[in-house]
Amino acid sequence: MAPIFGAPIFGAIDLGTNNCRLMLGVPSSNGFRVIESFSRSVGLGEGLAETGQLAEPAMDRAMDALRSCATRISRYRLTGLTAVATEACRRAANGPDFLAKVRQQTGLDIRIISGREEAELTLESCSPLLRGAGTRALVFDIGGGSTELAWVRLDGGSPTLISFLSLPFGVMTLGACTPYSCFTDRGFDAMVETVEEKLWEFEDIHRIGREINRAGVRLLGTSGTITTVASVALKLPRYRRPLVDGILLPGEEADAAVETLRSMGRAGLAAHPCIGDDRADLVLPGCAIFAAIRSVWPTPEVGVADRGLREGMLLRQIRGGRRRNSRRSNGARPVASLPHSPPA
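Heads up, the sequence shown is in the numbering used here, so the first residue is 1 and it goes up one at a time.
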């Protein structure tokens with residue numbers, strides 16, 4: 001660990017339905033510089049759609065990952081830390097109890113955020129990719145337990161949220177909405193139709209298609225689904241973030257990549273170097289959500305972002321710190337270090 005002399009250090013934890021992620025960064029001219037990151041697949045939402053509860057094995061996996069986060073954080077003196085939980089803890093009846101146990105055992109104070117705040121944080125992280133993108137943007141984040149869409153105004157300086165939609169469908173939960181396998185045409189099409197029904201309700205309110213016809217809408221996706229689609233469209237032998245984050249894919253190429261992924265079958269997806277066995281069952285539900293978005297809103301191009309809640313939380317903290325520092329000269333008060341191990 002390289003020492004960070006005098007620089008304020010901010011941290012962000014995103015406890016999602018499938019992954020637990022940590023990022024630590026220091027402010028820079030481009031926003032922030034990452035000094036440490038951590039991500040682990042924990043499957044916190046496993047079985048949630050059927051039981052309405054977080055399962056014990058899933059909570060154990062998440063707790064282990066959060067202990068690792070706490071240990072990493074304890075090596076630094078943080079200026080600020082934001083830790084959030086999303087759809088799995090929002091939906092589970094025992095979600096608040098689990099987070100209380102996390103706080104007791106790790107010292108991490110994780111709060112459950114709404115779908116609106118999740119969409120706002122995603123927009124915060126993606127704002128740099130929307131400069132010069134037109135007058136409107138539709139930003140989507142396909143998560144493990146939910147999908148957030150942000151309908152955004154771009155013609156007033158900083159992106160402004162007009163409206164948002166939080167769908168109870170993610171790569172881990174969409175499969176529970178249909179009895180058919182996503183690896184069959186019948187199952188995949190049923191998933192697309194399930195999502196489309198909700199999207200058309202949003203379209204009927206906001207008439208986004210009319211704005212698309214005026215060539216003023218940027219469709220921008222951020223999630224493992226869209227970055228996987230981009231990797232396949234670009235024919236990357238292995239995933240490389242610098243080649244994916246911020247690119248614009250022609251719509252036809254994005255749609256063709258979805259068809260390529262569908263044709264692989266589970267074994268082919270598991271063997272793909274940009275996917276792997278642990279994500280093989282999650283890719284096609286994500287592609288079904290993406291296909292539904294493309295069906296309702298067929299823009300000529302699709303923007304791709306490899307960034308999300310963690311980046312949004314860091315940028316929000318850094319911006320808030322700069323505002324405080326403009327009013328006082330002594331800066332923000334550092335938060336207390338977390339213990340290396342759970343308290344007895």
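Virtual Cβ for every residue (Gly too), placed ideally from N, Cα, C.
- When the alpha-carbon of residue 7 is set against those of 234, 250, 78, 21, the nearest one is in 78.
- Per DSSP, the unbroken beta strand (DSSP E) holding residue 151 starts and ends at 147 to 153.
- Going by beta carbons, residue 130 and residue 84 fall outside the 8 Å limit.
- Contact holds between the segment 92 to 110 and the segment 46 to 66, because three or more Cβ pairs, one in each stretch, are under 8 Å apart.
- Burial state of residue 56 is exposed, judged by a 10 Å Cβ sphere holding fewer than 16 other Cβ atoms.
- Per DSSP, residue 210 is one residue of the alpha helix (DSSP H) stretching across 208 to 213.
- Within the same chain, 173, 176 come within 7 Å of residue 49 by CB-CB distance, once the 5 residues on both sides are set aside.
- Here residue 271 is exposed. Its C-beta has fewer than 16 other C-beta atoms within 10 Å.
- Taken through DSSP and simplified to helix, strand or coil, residue 267 comes out as helix.
- Three or more beta-carbon pairs separated by less than 8 Å are not found between the segment 236 to 250 and the segment 151 to 162, which leaves the two stretches without contact.
- For residue 39, the enclosing beta strand (DSSP E) stretches over residues 31 to 41.
- The straight-line gap separating the alpha-carbon atoms of residue 148 and residue 114 is approximately 10 Å.
- Taking each of 23, 203, 267, 98 in turn and checking the Cα distance to residue 82, the smallest one comes out for 23.
- In the DSSP assignment, residue 23 forms a beta bridge with 12, 37.
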